[in-house]
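In what follows, a single structure is set out as structure tokens and then discussed.
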Amino acid sequence: MSRTSILGGESGHRSFFGGSVPHSRLFALLAAAVAGMVLTITLGTPGFAGGAALVIVTWLVTSPTVHGSLAERWVARRRWRERTRTGTVAYVPFDDARWTELGARRRHRRVAAREAAALRERPDGAEGMGWLDRRPGRPGIAWHAPTGEEPYLSVAFEVSGQVRGIESEHAVEQAQVAWGAFLASLGSEDSLARAVQSVTRVLPPDSAGHEAWVVSQVDADAPEELLRSYDDLLHRMGRREMVQRHYVAVRWPLTGAFSRAAARYGPGRDGWRRLMVDEVDAITRGLRRARMGRVRALTAHEAAAVIAHMQNPSRPVDQTHDVDPEALGLPSTDVYSAHVVDDVDPTTGAPVRWWHRTAVVTATAMATGERNSLWVTPLLSGMPERIVRTLSLQTWMVPAREAKATARIDATSDHSEILRRREAGRLLDDESEASLSAAQRRLEDLRPGTQHHGAEWLGHVTVSAPSRDELAQAVRLVTATAERGLGIERLEWLDTYQAAASGCTWPIVRGMRPPAPTAAQRMMRSLSGHGAREAL
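Read in order, the letters of the sequence shown are residues 10 to 545 in our numbering.
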């Protein structure tokens, strides 16, 4: 029997007041309650009525629904209006001459300001991204400093995947165990790498490799009918079939531990690069032990080619001769619900336009149940339609000690909530029981001797099509497949910032907020220190 894991049921830890209430809603209700008390003290009965009304309105406005709360929808609309007003819905690669021209314009300054706002060094999906090492023939080490986030380094690896062709159930199970062991190795408190992103790109096949093989292998006296037959086969395959390309990207947060480890290799950025040589080698060995098949770290040019292809699927994913790692973005415009990229087909030179839409997948949007390691297969290879799509799953590893403490707090909070409801004679709701079950499963998984570590995960899916109507049809098909085949009850489409959302499915480990440590965990980290300064 294949190994299974239970996904779904909870997506956040318990708050100080119990339950997994979002912090924004909790703070809003507290603020409304404080304001109500102040009004009661100052105005008496009218103030009490006004305060009660304020609390009720706040509760209603922040109540979660299928499409988000009223407050969240208002914020999203406000964000979209602001982006439209300032011109940041458009992106044009930065050009000094154009910038100078817009700055010198005396007339139509408002239009010039909007056009200037579109001129940026990086697209929204790769904002703050540069390179620590972009040398040819070396693993491309990306350096990220996104606004409001902790800086980090990332490296993308191309892998052939665990399941190739027909595999036995035992082989699939062993591959699943090996992948779990690889993830657990990153959960150690000594590990510098913390997050792993698995990316699968479903795209039409590129016949260039087959054609090159024919040119090099065909006999000069081969019959013309045979050559035409092979050429017809290639064209039929290109029209009907889809292939998959697999990537794994790893994230190294630039923490104090990273800086101290790099200092042992050398001063400054040279020490960083030398440390990353060992780190990339270790990840490569780990991925091979995880049965990921052929594993190869992408160079900066190759990673840039993958990013360019994901913006313009008309480009071959392996075409690197015309890409610049310092120019990652293609001209684009955001419309509500889509990221629209304008470029050219490098084969024909004809202009092309591609529409992209990205959704996030969270645990709360999934039906709680057992799933095996092939649970995403219906979305990757079970669709008869030719839909260009990308699935990204990110996993952030948490050391076992911290994960166990959090799971214990969550289980205690859920258990006390259930006891309180029983003593009050109230019916138990499914959410409380599901949360308690999930917390208890985490405690069981983290029991001593298992060598397991904690993990938090998040998924993103991007759908691409050459027109708005085709994108709408593809989105409906992907949504239906996700619900019926994967048990994802709701895909949350990031409609007001699709350009930034597109980067969540590029192999650069974007789109997931690192787990926030509790106050107790932060204190224990401070008390644990950094080890002896003289230690090796």
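Cβ coordinates follow ideal geometry from the N, Cα and C atoms, glycine included.
Since the structure is predicted, the reported quantities are computational estimates derived from the model, not experimental observations.
Sequence-distant residues of its chain with Cβ nearer than 8 Å to residue i (five each side left out)
| i | result |
| --- | --- |
| His76 | Arg82 |
| Leu38 | Val64, Thr67, Trp68 and Thr71 |
| Asp331 | Pro355 |
| Ala270 | Leu201 and Leu284 |
| Asp279 | none |
| Ala525 | none |
| Met46 | Gly60 |
Nearest-angstrom beta carbon gap, residue j and residue i [assumed within contact, 8 Å]
| i | j | result |
| --- | --- | --- |
| Glu498 | Ala314 | At roughly 36 Å, the Cβ-Cβ gap does not stay under 8 Å, so Glu498 and Ala314 are not in contact. |
| Ala204 | Gln403 | 6 Å |
| Leu389 | Gln253 | 6 Å |
| Pro325 | Ala309 | About 18 Å; that fails the 8 Å criterion. |
| Pro387 | Gly494 | 3 Å |
| Ser401 | Thr514 | 4 Å |
| Glu167 | Pro214 | At roughly 16 Å, the Cβ-Cβ gap does not stay under 8 Å, so Glu167 and Pro214 are not in contact. |
| Phe57 | Thr49 | 4 Å |
| Gly302 | Ser177 | Incorrect: roughly 16 Å between the Cβ atoms, too far for contact. |
| Arg131 | Gly137 | 7 Å |
| Leu212 | Val397 | 6 Å |
| Tyr345 | Trp89 | 6 Å |
Beta-carbon proximity check, residue i vs residue j, cutoff 8 Å
| i | j | result |
| --- | --- | --- |
| Val208 | Ala258 | yes |
| Pro550 | Ser473 | In the structure displayed, the chain extends from 10 to 545; residue 550 sits before or after that span and is not available. |
| Leu337 | Glu394 | no |
| His462 | Pro523 | no |
| Gly512 | Leu467 | no |
| Gln171 | Arg300 | yes |
| Ala368 | His255 | no |
| Ala464 | Leu296 | no |
| Leu500 | Thr488 | yes |
| Leu383 | Lys413 | no |
| Ala509 | Asp133 | yes |
| Ala127 | Val101 | yes |
| Arg210 | Thr399 | yes |
| Met406 | Leu111 | no |
| Arg298 | Ala187 | yes |
| Met392 | Thr264 | no |
7 Å CB neighbourhood of residue i in its chain, flanking five on each side removed
| i | result |
| --- | --- |
| Asp80 | Here residue 80 turns out to be Ala, not Asp, going by the sequence shown. So the list reads Val70 and Thr71, once near-sequence residues are dropped. |
| Thr342 | Val98, Ala99 and Val349 |
| Leu480 | Ala347, Trp364, Arg366, Val472 and Ala474 |
| Val484 | Arg366 and Val472 |
| Ser476 | Trp364 |
| Glu288 | Leu201, Ala202 and Trp261 |
| Ala44 | Gly60 and Leu63 |
Cβ shell of residue i (< 6 Å), same chain only, five flanking positions each side left out
| i | result |
| --- | --- |
| Ser163 | Ala151, Ala258, Arg260, Ile517 and Val518 |
| Pro262 | Glu159, Tyr161 and Arg203 |
| Ala165 | Tyr256, Ala258, Leu307, Ala312 and Pro516 |
| Ala41 | Leu63, Val64 and Thr67 |
| Arg362 | Asp351 |
| Ala184 | Gln171 and Arg300 |
| Gln320 | Leu339 and Val350 |
| His318 | Arg324 and Val326 |
| Pro148 | Val164, Val289 and Ala306 |
| Ile316 | Leu337 and Trp515 |
Beta carbon proximity, residue i to chain C, threshold 8 Å
| i | result |
| --- | --- |
| Thr386 | No chain C is part of this structure, which consists of one protein chain only. |
key: Minimum length 3: unbroken beta strand (DSSP E) runs contained in the region 383-425   = The qualifying runs are 397-407.
key: Inter-stretch contact at 8 Å, needing at least 3 Cβ pairs: the region 115-123 / the region 142-158   = no
message = Extract the residue ranges of the alpha helix (DSSP H) inside the region 83-150, only unbroken runs of 4 or more that lie entirely within it.
response = 105-113 and 118-127
query = Quick one: any contact between the region 130-147 and the region 110-120, if contact means 3 or more CB pairs under 8 Å?
reply = Counting Cβ pairs under 8 Å, fewer than three are found: no touch.
ask   = Is there contact between the region 270-283 and the region 291-300, where contact requires at least three CB pairs shorter than 8 Å?
value = Contact fails: fewer than three Cβ-Cβ distances are below 8 Å.
query = Which full runs of the beta strand (DSSP E) of 3+ residues lie inside the region 232-316, going along the chain?
reply = 252-262 and 304-306
request  = Would you list, in sequence order, the uninterrupted alpha helix (DSSP H) runs of no fewer than 4 residues that lie entirely inside the region 145-215?
outcome  = 178-195
task = Kindly provide the ranges of any alpha helix (DSSP H) runs that are 4 or more residues long and lie completely inside the region 498-523, ordered along the chain.
result = List check, alpha helix (DSSP H) in window: 507-511.
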